[in-house]
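Protein chains: 2
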Amino acid sequence: MFQHPSLLFTHSRHFLRRRRRCHRRRLLSTLSHTLSHPIYTVWAANTGLGKTLVSAGIAASSILSSPPHSKLVYIKPLQTGFPEDSDSDFIYRKIPQILHRRSPQSTLIASNQTLNVSIPAARVKIGNNFSEVSGSCKNGFGDFGFYEEMKVGDGVGVGSELICKTIFAWKEAISPHLATEREYAFVGDDDVLALLQKCLETGVESDGGVLSLVETSGGVASPGSSGSLQCDLYRPFRLPSILVGDGRLGGISGTISAYESLTIRGYDVVAVVLEDHGLENEVPLLSYLRNRVPVLVLPSIPKDPLDDLMEWFDESQSVFHLLKGIMLSSYKKQLDRLHEMPRKAQEIFWWPFTQHKLVPQEKVTVIDSRCGENFAVHKMKDHGYISQMFDACASWWTQGPNAALQIKLAREMGYTAARFGHVMFPENVYEPALECAELLLEGVGKGWASRVYFSDNGSTAIEIALKMAFRKFLADNKLLLDLSQHNTDESSIELKVVALTGSYHGDTLGAMDAQAPSPYTGFLQQPWYTGRGFFLDPPFVSMCNGAWKIVVPKKMNYVDVKEDTSFNSRDQVFNKSRDDSNLSSAYSTYISQELLPSSGSRKFSHAGALIIEPVIQGAGGMLMVDPLFQRILVKECKNRKIPVIFDEVFTGYWRLGVESAAQLIFCQPDIACFAKLMTGGMIPLAATLATNDVFESFVGDSKLNALLHGHSYSAHAVGCAAACNSVKWFKDSQTNPNIIPGQNLLTELWDAELVRKISFHPAVQRVVSLGTLFALELKVEDHDAGYASLCGTSLLLKLREDGIYMRPLGNVIYMMCGPCTSPQVCLQMLETLNNRLDGFRQEKIQKTHEV
Amino acid sequence: MFQHPSLLFTHSRHFLRRRRRCHRRRLLSTLSHTLSHPIYTVWAANTGLGKTLVSAGIAASSILSSPPHSKLVYIKPLQTGFPEDSDSDFIYRKIPQILHRRSPQSTLIASNQTLNVSIPAARVKIGNNFSEVSGSCKNGFGDFGFYEEMKVGDGVGVGSELICKTIFAWKEAISPHLATEREYAFVGDDDVLALLQKCLETGVESDGGVLSLVETSGGVASPGSSGSLQCDLYRPFRLPSILVGDGRLGGISGTISAYESLTIRGYDVVAVVLEDHGLENEVPLLSYLRNRVPVLVLPSIPKDPLDDLMEWFDESQSVFHLLKGIMLSSYKKQLDRLHEMPRKAQEIFWWPFTQHKLVPQEKVTVIDSRCGENFAVHKMKDHGYISQMFDACASWWTQGPNAALQIKLAREMGYTAARFGHVMFPENVYEPALECAELLLEGVGKGWASRVYFSDNGSTAIEIALKMAFRKFLADNKLLLDLSQHNTDESSIELKVVALTGSYHGDTLGAMDAQAPSPYTGFLQQPWYTGRGFFLDPPFVSMCNGAWKIVVPKKMNYVDVKEDTSFNSRDQVFNKSRDDSNLSSAYSTYISQELLPSSGSRKFSHAGALIIEPVIQGAGGMLMVDPLFQRILVKECKNRKIPVIFDEVFTGYWRLGVESAAQLIFCQPDIACFAKLMTGGMIPLAATLATNDVFESFVGDSKLNALLHGHSYSAHAVGCAAACNSVKWFKDSQTNPNIIPGQNLLTELWDAELVRKISFHPAVQRVVSLGTLFALELKVEDHDAGYASLCGTSLLLKLREDGIYMRPLGNVIYMMCGPCTSPQVCLQMLETLNNRLDGFRQEKIQKTHEV
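Note that the protein sequences, when read in sequence, are chains A and B.
Okay, so the first sequence: first residue is 297 according to our numbering, each after it adds one.
Okay, so the second sequence: first residue is 297 according to our numbering, each after it adds one.
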């Protein structure tokens, strides 16, 4: 049966590698757990600290408390040393004993079940009668029907219930990841979570008091079967936690460290409980926890293995009673808070971009946490539960991390906050800022940029870019010299931008003035908006009825370019060979006409900067601009010494499938702005990159020549550290499975066939899919189009029921994933959307008929 | 000798409390450590994992390596179980043994010294001859001259050197904090650090290869003598670290958790080393560490206490050789990086507010880390060292944390990043955002604000405030109705702000347009600046020659208010009784004249908002505006239905000694902006608070009526969590010793007498001290005044030598501390400044003579 040890070693290593790669099936998460009763995870600072005794104590206290018909669900997801060391077996036998001792007249129905047992473990349990039922075994586990139950007490009246479950069991009393290897019985994280979810449902429909306990194995960061640390494995549920601490010499340190490992993964520890070893470890622990988390001390545990522990449980009774009380009140507090949150939010928040009158209390989403791409959302129905939901608005276009990156970033941000906090940037240097600048210049700035200017968000990065561009323009066009020699009067010069209709560059006034009039720029919104630009109508591209089509601006309608405006594939749209088309020269002509200096104005207006969002105009409605047009526009501006700014705040960092969207239009700017995804979607940080020529136009003898713009948290260390780690993570095929090695490209995330199919849908006007973005415009009457449209609301509410959280841009809706999101998840989302579109269409038809 | 146990217990608890309170002497930190040779801290995941064996292994490897005349410094700061368990004694005896075995011809001079020994421990060591020398004992410790040395080898040629030092020793083999209590021998953290610093200097002047090891006690988070966790205690040095892991069952978890406790405190772990227990714990550890940190495995340690371990050391030789190599190369890498950082920074950074031409490479400050209010800065001279420096620019006015708050915030930010990352804010609610909004409204918004609008920095918060104010103004003055009914044309309305000369409200265009022309707003800086305001010259207050004096604006010169413009104390300036003065009515008249509607313009200009920085105009040059004037200005504007904005970005959150500077002028705004110190000085987050009336002017049926402004990371969870924790920490007298309980006030931080003295200094024009701010204006010729002035440069460079990092605002220089900084530290800084001012004055006189 067993192979030669060294062979086994090789084998198991290979096994381990394979498992690592596939331990997440990467499906759209449907995990949820009830809030109908308290559920706690019991963790320990180390192995052998009496975790199961604590579980037993809580269980006994819970069952003995009134009402007497209470229910206790004990779950051991991963058990090694089975069957001898089975913790659920211990609970199953010990609770009736305690009950009988303390309340002999009580009735209890107890059961104990082990669901999946490795063959070696089953062989031990069954003994001589074991016959391998390999047919029913999967991945080395079988369900051998290990179930037992007993009834204690006189049987009169409804009694209490104790349900014990072991989900996966191995024979050897070692860490599950080792037992997995040695017994060839492997289980992936998703399967553990799915089965755990099922077990957590036990007890939902009960009338009495229910308490569920999930007991982990070993220490908080001990590996599970797949090798994932348990604190990572169970993170999607983020159950409230009890930490069993260490009362021995050295135990203060171990307990604090274990607490920190849980905390740095977003868990809430409700209480610490530890065995007394006469060292008063609770004193420094309480001091460390600043009395926010109670620390309970259990009497010393008898060392004699023959001791039935009944006396110990008696002595511990008051401690467990207290602990159970803490657990219940903490649960109640959590529920109360979840329930009041929507009302409170409505009362005191002022949400951006939100008409509060249109958001009734029941529409407010309570987000309990996020794990990778998924929100954990509180839902009120069915006693209330916490449910996973895909964050398809990418929390407003910022999100990138999967679960592993999120935890990594949390740790790195914590490290950086502890190492640096925030330190002064000007004239100084510190590691995260330097490494971040290096990574930006080696990455998105490669081949053109030589300086990095940090600020806080896209909007500030744009204002900085405009200041840079204008100075460069003045320098290049000798205006700077004229000004310094007083040959020219400042007031005679009006600097404008060249920008595209439908663009959006941020919310601060300077960034707004660089965009064409829009719903965001009206007098009511921004009385100071003036629109300081030459605004060109660009040609747009999208997929309609299966084909990619270009719609040229009205002013170009006289040109006959029909043959150049329809494509079978997106690749054709981006193909550089289009430079030779008739459309290409038509674009040149159009642009030249638009850039003719305007006359009649009081001042002489200069086009002092070109600013564009490469390829996709985000806030404008996910509009795809013909890349050929942008390439020619850049060329024409460079010919006229107009500095070129790329606003990559939305498009940068893999949003469009490449690190910098400049790659898609095959040209380089003088200045480019990055933000949003740059930190992986954790905290605000922005960067404006510039060429050395741009930088040089600010160098001089006086401080007044320098660029006098800077925010207090300029290049803040925590943001830079988040950026460093995200930038590296996204582009490395070792960490991002979507990177096509050697190509610096993301794999296609949205299923091409299904995208094509959706583009034919009668409810759909147009479709765009590129990189992490899939967007569609709903077909509506003209009066219902635009940013203020509410036409997609019912569709999006349906999709939220399906576990996809989206937000509309008027009648444009979009789904956005992270650079690491699996294409399978994207496929599932597209399928869900496609299904809902059918219903939406029918609903619309019905409405029309009703009218 | 020993008291009754229960009495001892009471005694020691009392003892503990007293110690806690005083365990930092809170002096201006002068800590530094050399970089002339590698210094490592040896930590362990738990007690009893062989930390000292690892130290011995590294020591042996180091001494045995070429050059043979190498030096090894071994330091044990805290030793319990002395003398039996003395680790430095073990090293002192074992290394010669190993050396003799492996290289019998080598020469070694070894010494072992124990500096401070508790009386019970000394009694054991000295035995019967012990006579208590209480005269030389301090805090229960004495230096009993425990020193021994030996020479090994033939004595020919210069040999190697082994220096072993124990700094503090207790008798009982328990945690130092317990031994401290039981043996009445206490040492504060500052004394540990000061003595450790001294020991670290051993070996600086050596020629050969030197390596220093600092071995901690117990686990990473085991308490030291004062009760501080060792990982917190040693944090100011932030020495690179070796972690001794746990190879036993459960050891993966303990090792990972210990690693995380070090990481979350900003330590760099260079290698993990652990004893083999046959469980291959290194495999999951390597996987967790993603191969960035090497994990080394030591052979199993003989359990027999009689084993002399020589064979084990032989077997381990190659591992320790490898480990030593890792330590040396990591040290070299660190040095190389520190050396190249200034050059790289100069090449690729574009610092804000910085004329790069004026910053030569040697002026670039390399910041290795920060701990509370102090930077750790790299200095090149004397082989290079890392030195502490007080961050008196408060890293540009943002800083608040002391060392304890910094570590707490790091953990809370890590927790929040892991729990939430960033999640969508509009229409949603999540705990950190809700709690933060609640705290803001209960704190700085108390009594007037009812809504919180989040954004990223002060500048964006101001732009949002302006939008709010203008809408409110339009609504209050029926213009909104007129506009909606088309009775009025938008283009006929010009909205302006009322603002003060010298004010500064941020760097984005909208915020800039709300300020009067200044060096920051010139055409070269911001070609789009127009200055949309009625800009009033305010009266300024400052201390000159010992008295607080008001200088009224020129336009008021005709009024005779002399008797109302000079005060003996700052309190008089803020006294509300001044409302009845003649000056008060003169202010009213002046303001009314200035607010008369302007005529002659094409448009009809409205004063649509008042915006002021309460009390202190920061960027304008730390100008203190007469609080009486601001109070009257607010009143006059409210009378005219002009919404009032307080820009508290700089002044808020204890900067001026109160949570909101509005408290100082006894009036409330309609809108107020907060940022900077709100997150404690960690990461950017801003909030615009508003009254319900302001909010209501945006409520309507259409989304287009809503406030369409919002940044991607609106209300980002990590920032909100940092804010929640800082806001609570600063105002709680339990955590902030500067809070005067019950008064919601900071204690006076700057010594009044010394401030007065400085105001008489001939080099000083004026002085302002308030809350955490002390500022002075240097007396200069007119042509050298203002933002571009470089006159303070030499003075500030001297102060940097003294360990105070300051930045000038032209000829205004300032020192800023945190809300928790001890007044003693402030006093030391003032004294230092005062001393340097004398030198500065002399230097100036000399220069004048030379001319």
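C-beta: ideal position from N, C-alpha, C; glycine also.
{"query": "Residue(s) in a DSSP beta bridge with lysine 421 of chain B", "result": "Looking at the DSSP assignment, lysine 421 of chain B forms no beta bridge with any residue, so it has no partner."}
{"query": "Assigned secondary structure, tryptophan 339 of chain B (DSSP; H/G/I helix, E/B strand, else coil)", "result": "strand"}
{"query": "Three-state secondary structure assigned by DSSP to cysteine 667 of chain B", "result": "strand"}
{"query": "Where tyrosine 711 of chain A meets chain B, residues with beta-carbon distance less than 7 Å", "result": "Thr559, Ile560 and Gly562"}
{"query": "contact_flag[the stretch 635 to 644 of chain A, the stretch 367 to 377 of chain A] where n(CB pairs < 8 Å) is 3 or more", "result": "no"}
{"query": "Residues from the stretch 384 to 398 of chain B in contact with chain A, defined by Cβ distance under 7 Å", "result": "none"}
{"query": "Distance between valine 793 of chain A and glutamine 822 of chain B (C-alpha atoms, nearest Å)", "result": "14 Å"}
{"query": "Enclosing beta strand (DSSP E) for alanine 700 of chain A [first to last residue]", "result": "Alanine 700 of chain A -> not in any beta strand (DSSP E); alpha helix (DSSP H) instead, spanning 699 to 715."}
{"query": "Cβ shell of aspartate 603 of chain B (< 8 Å), same chain only, five flanking positions each side left out", "result": "none"}
{"query": "Nearest neighbour of arginine 398 of chain A, chosen from A:Gln613, A:Ser382 and A:Asn1107 [CA to CA]", "result": "A:Gln613"}
{"query": "Any C-beta of chain A under 8 Å from that of asparagine 724 of chain B", "result": "yes"}
{"query": "Threonine 410 of chain B - DSSP class collapsed to helix/strand/coil", "result": "strand"}
{"query": "Per-residue DSSP class, three states only, for asparagine 1149 of chain A", "result": "Here chain A comprises residues numbered 297 to 1147, so residue 1149 of chain A is not present and cannot be evaluated."}
{"query": "Nearest-angstrom Cα separation, counted from glutamate 727 of chain B out to serine 366 of chain A", "result": "32 Å"}
{"query": "Bridge partner(s) assigned by DSSP for isoleucine 1035 of chain A", "result": "A:Leu1042"}
{"query": "Contacts that threonine 343 of chain B makes with chain A (C-beta to C-beta distance below 7 Å)", "result": "Leu545 and Gly546"}
{"query": "Pairwise C-alpha distance: glutamine 651 of chain A and phenylalanine 994 of chain B", "result": "8 Å"}
{"query": "Alpha-carbon spacing of leucine 1129 of chain B relative to serine 862 of chain B, whole angstroms", "result": "26 Å"}
{"query": "Residue of B:Glu1139, B:Gln1138 and B:Met1112 minimising C-alpha distance to tryptophan 693 of chain B", "result": "B:Met1112"}
{"query": "6 Å CB neighbourhood of aspartate 867 of chain B in its chain, flanking five on each side removed", "result": "none"}
{"query": "Which of helix, strand or coil DSSP assigns to aspartate 385 of chain A", "result": "helix"}
{"query": "Cβ-based neighbour list, aspartate 803 of chain B, same chain, cut-off 6 Å, excluding 5 preceding and 5 following", "result": "Ser755"}
{"query": "C-beta contact flag for histidine 473 of chain A and proline 536 of chain A at 8 Å", "result": "no"}
{"query": "Where arginine 588 of chain B falls: helix, strand or coil (DSSP)", "result": "coil"}
{"query": "First and last residue of the uninterrupted beta strand (DSSP E) at arginine 1062 of chain A", "result": "1060 to 1066"}
{"query": "Residues of its chain near threonine 348 of chain A, where Cβ-Cβ distance is below 6 Å and the 5 sequence neighbours each way are ignored", "result": "Asp383 and Phe386"}
{"query": "Cutoff 7 Å; reference glycine 423 of chain A; Cβ partners in own chain excluding five residues on either side", "result": "none"}
{"query": "Pick from B:Ala1013, B:Val510 and B:Asp860 that is closest to serine 877 of chain B, judged by C-alpha positions", "result": "B:Asp860"}
{"query": "Residue range of the unbroken alpha helix (DSSP H) whose run includes serine 1055 of chain A", "result": "1048 to 1055"}
{"query": "Residue ranges of each alpha helix (DSSP H) within the stretch 498 to 539 of chain A, 4 or longer", "result": "526 to 529"}
{"query": "Test item: CB-CB of isoleucine 1036 of chain B and leucine 525 of chain A under 8 Å", "result": "no"}
{"query": "For phenylalanine 645 of chain B and valine 748 of chain A, believed in contact at Cβ under 8 Å, the rounded distance", "result": "6 Å"}
{"query": "Enclosing beta strand (DSSP E) for isoleucine 846 of chain B [first to last residue]", "result": "843 to 847"}
{"query": "Test item: CB-CB of isoleucine 459 of chain B and threonine 512 of chain B under 8 Å", "result": "no"}
{"query": "C-beta neighbour in chain A for glycine 520 of chain B, strict 8 Å", "result": "no"}
{"query": "Chain A contacts from the stretch 800 to 814 of chain B (Cβ-Cβ distance under 7 Å)", "result": "Asp803, Thr804, Leu805, Gly806 and Asp809"}
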